[in-house]
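Enquirer: If you use our numbering, the sequence shown closes out at 136, no skipped numbers anywhere.
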Amino acid sequence: MFNRENKLEKFKDAETVIGASIKVKGNFHGQGNIIIEGTLEGSLKTDASIFIGEKAKVVAAVEARDLIVNGEIKGNTKVKNYLSLGGTAKINGDVQYGVLSIEKGAIINGQLLATGEPGKKGTEKEEENENKLIEE
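(1) Mind checking who isoleucine 34 pairs with in its DSSP beta bridge?
(2) Sorted by chain position, which residues of the same chain lie with C-beta nearer than 7 Å to threonine 115's C-beta, five sequence neighbours on each side aside?
(3) Quick check on threonine 115: does DSSP put it in helix, strand or coil?
(4) So, alanine 64 versus asparagine 76, is the Cβ gap smaller than 7 Å?
(5) Mind reading off the beta-carbon distance from glycine 110 to glycine 93? Whole number of angstroms is fine, and I expect it under 8 Å.
(6) Which runs of the beta strand (DSSP E) spanning at least 3 residues fall entirely within the stretch 57–105, listed in chain order?
(7) Within its chain, find whatever has a CB closer than 6 Å to the CB of glutamate 37; leave out the 5 residues flanking it on each side and keep chain order.
(8) Thinking C-alpha only, which one of Gln31, Ile68, Ser43, Lys104 is nearest lysine 74?
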């Protein structure tokens with residue numbers, strides 16, 4: 001099973017936090033973990049992980065290694081490894097992912113495309129990152 005505390009554990013060292021009262025417009029690109037609790041319009045890309053909070057609104061193309069969504073995304077989403085959609089998540093756009101977890105109540109209006117191969121092992125680093133998100 002998944003739980004919120006384990007999912008958020010990897011974000012304790014987030015490089016960037018966009019707070020609930022913040023609105024960002026433009027292209028937002030980084031290499032570290034990003035937490036979005038406010039509003040972002042434009043594009044959002046990182047080589048690491050993104051957490052989108054329950055009240056967050058992202059109107060952007062989103063690219064990340066791992067993505068946890070509890071808020072809303074309007075735009076296409078590309079996740080290299082692990083995508084988790086909480087019960088309050090809403091995505092309007094096409095979604096590419098490696099591994100997908102969806103809680104009851106999540107909404108996706110778009111096409112889903114699995115880019116990973118079931119049963120195929122990723123790199124050791126990818127497996128380590130995925131294991132940090134999963135509570136056994």
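Positions of the beta carbon are idealized from the N, C-alpha and C atoms, including for glycine. Because the structure is a prediction, the values reported are computed rather than measured.
Expert: Once the coordinates are examined:
(1) Reading the sequence shown from its first residue, position 34 is the one you call residue 34. Its beta-bridge partners are Thr16, Ile50.
(2) Stepping through the sequence shown from its first residue, residue 115 is reached at position 115. The beta carbon of threonine 115 sits closer than 7 Å to the beta carbons of Gln96, Tyr97, Gly98 from its chain, once the five residues preceding and following it are set aside; these are given in chain order.
(3) Here residue 115 is taken as the residue at index 115 of the sequence shown, counted from 1. DSSP places threonine 115 in coil when its eight states are reduced to three.
(4) Position 64 of the sequence shown, counted from the first residue, corresponds to residue 64. Position 76 of the sequence shown, counted from the first residue, corresponds to residue 76. Contact: no.
(5) Residue 110 sits at position 110 when you count from the first residue of the sequence shown. Residue 93 sits at position 93 when you count from the first residue of the sequence shown. Yes, glycine 110 and glycine 93 are in contact; Cβ-Cβ is about 5 Å, under 8 Å.
(6) DSSP runs (the beta strand (DSSP E)) wholly in the stretch 57–105: 57–69, 72–74, 77–85, 90–92, 95–97, 99–102.
(7) To locate residue 37, count along the sequence shown from 1; it is residue 37. The residues are Gly19, Ala20, Gly53, Ala56.
(8) Here residue 74 refers to the residue found at position 74 of the sequence shown. Minimum Cα distance to lysine 74 is reached at Ser43.
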